[in-house]
Amino acid sequence: MRVRKSTPIWLNHHHEPTYHKHIRVTDSKTLELVKQAAGLLQLDITARLSMSLNNTPLQGAHINVVSGNFIIAQPLGVDDGIDYCHSGRIRRIDEEAIHRQLDNGAIVLMGPVAVSVTGESFNLTSEEIATQLAIKLKAEKMIGFCSSQGVYNENGDIVPELFPNEAQARIEELEQEGDYLSGTARFLRGAVKALPQRRTSQPPDKLSGRWRAAAGAVLARRYRDADCNGKRRANSSRHH
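With our numbering, the residue at position 51 of the sequence shown is 349, and numbering never jumps.
If you want it as structure tokens, here you go:
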């Protein structure tokens, strides 16, 4: 499947995003752009999941893709005199409704826009949604798709797995390098938060299979100039 490289939608509309304490401030214009991008992406994902999978065990299978108001949001409010406007956080998740859809064999697709109890729309971060869903649904794995190939070590090799303390150390390194908002940092934070904190001090041989799978979660990422051996080329660009 070919993934098309697109220009960020705010550049096409000459509307640069604004951040306060590394959190996006979603004004009315930004919210409309987020809705537009999320809606187009949701339709594209639904179409791809509806493709006929010839020559596979799923050939002829019909996959139902379900979206809905499974997540209720609340506003972030005002911080140090800065109004986050339509930026929000999760208020609650209707995990029972999600489980009913999953039990019926459907795929539940949720975007970054959620409504509040007053009917307002708020922009949430994808990593918060993924993290909280993983916690509420007791997921065994959480996979993040970002713009680069994976988490790299100092030699430029892809790291196949990280335990929570290693992931936290890598997050701190990225933040010191100014990559607070990079896909790697964002999804590593989500992965660390999704893990049961009461077990972070246990050695690897004491971890359950479920915990081991979560601790070894891999960020699956596409990076155009990574070679087939997983090495990052010297001329590769940095994403912020």
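Just so you know, even glycine gets a beta-carbon here, dropped at the ideal spot from N, CA and C.
In the DSSP assignment, Thr328 falls within the alpha helix (DSSP H) that extends over 326–347. The Cβ neighbour count for Thr416, taken over all protein chains shown within 10 Å, is under 16; the residue is labelled exposed. When rounded, the separation of the alpha-carbon atoms in Tyr478 and Gln357 is 42 Å. By a beta-carbon distance limit of 8 Å, Val413 contacts Ile370. Their separation comes to about 7 Å. In the DSSP assignment, Val413 falls within the unbroken beta strand (DSSP E) covering 411–413. In the same chain as Val364, and ignoring 5 residues on each side of it, the C-beta atoms closer than 8 Å to its own belong to Gln399, Ala404, Ile405, Val406, Leu407, in chain order. By the C-beta density criterion, Ala489 is buried, having at least 16 other C-beta atoms within 10 angstroms. With respect to Thr328, His318 sits apart: the two C-beta atoms are not nearer than 8 Å.
Taking 4 residues as the minimum length, the alpha helix (DSSP H) runs contained wholly in the region 381–436 are 393–401, 424–434, in order along the chain. Going by beta carbons, Glu473 and Ala483 fall inside the 8 Å limit. Contact between the region 430–445 and the region 388–395 is present: three or more C-beta pairs spanning the two stretches fall below 8 Å. When secondary structure is reduced to three states using DSSP, Ala359 falls in the coil class, being assigned neither helix nor strand. When the Cα atoms are used, Leu331 and Ser348 turn out to be separated by approximately 26 Å.
Inclusion of Val449 and Ile441 in the CB contact set at 8 Å is not warranted, their separation being larger than that value.
Rounded to whole angstroms, the separation of the alpha carbons of Lys436 and Asp325 is 34 Å.
For Gln372, the enclosing beta strand (DSSP E) begins and ends at 369–373.
In this chain, Ile456 is not harboured by any beta strand (DSSP E), its DSSP state being neither H nor E.
Looking at the backbone, the Cα of Pro458 and that of Arg468 are separated by about 14 Å. By the neighbour-count criterion, in which a residue is buried when 16 or more other Cβ atoms sit within 10 angstroms of its Cβ, Ile396 is buried. In chain order, Val457 place their CB closer than 6 Å to the CB of Asn451, counting only its own chain and leaving out the 5 sequence neighbours on each side.
Contact between Ser419 and Val411 holds, since their C-beta atoms are separated by about 6 Å, short of 8 Å. In the assembly as shown, Phe443 is an exposed residue. Its beta-carbon has fewer than 16 other beta-carbons within 10 Å. For Gly379 against Asn421, the beta-carbon gap comes to about 20 Å, at or over 8 Å, which does not count as contact.
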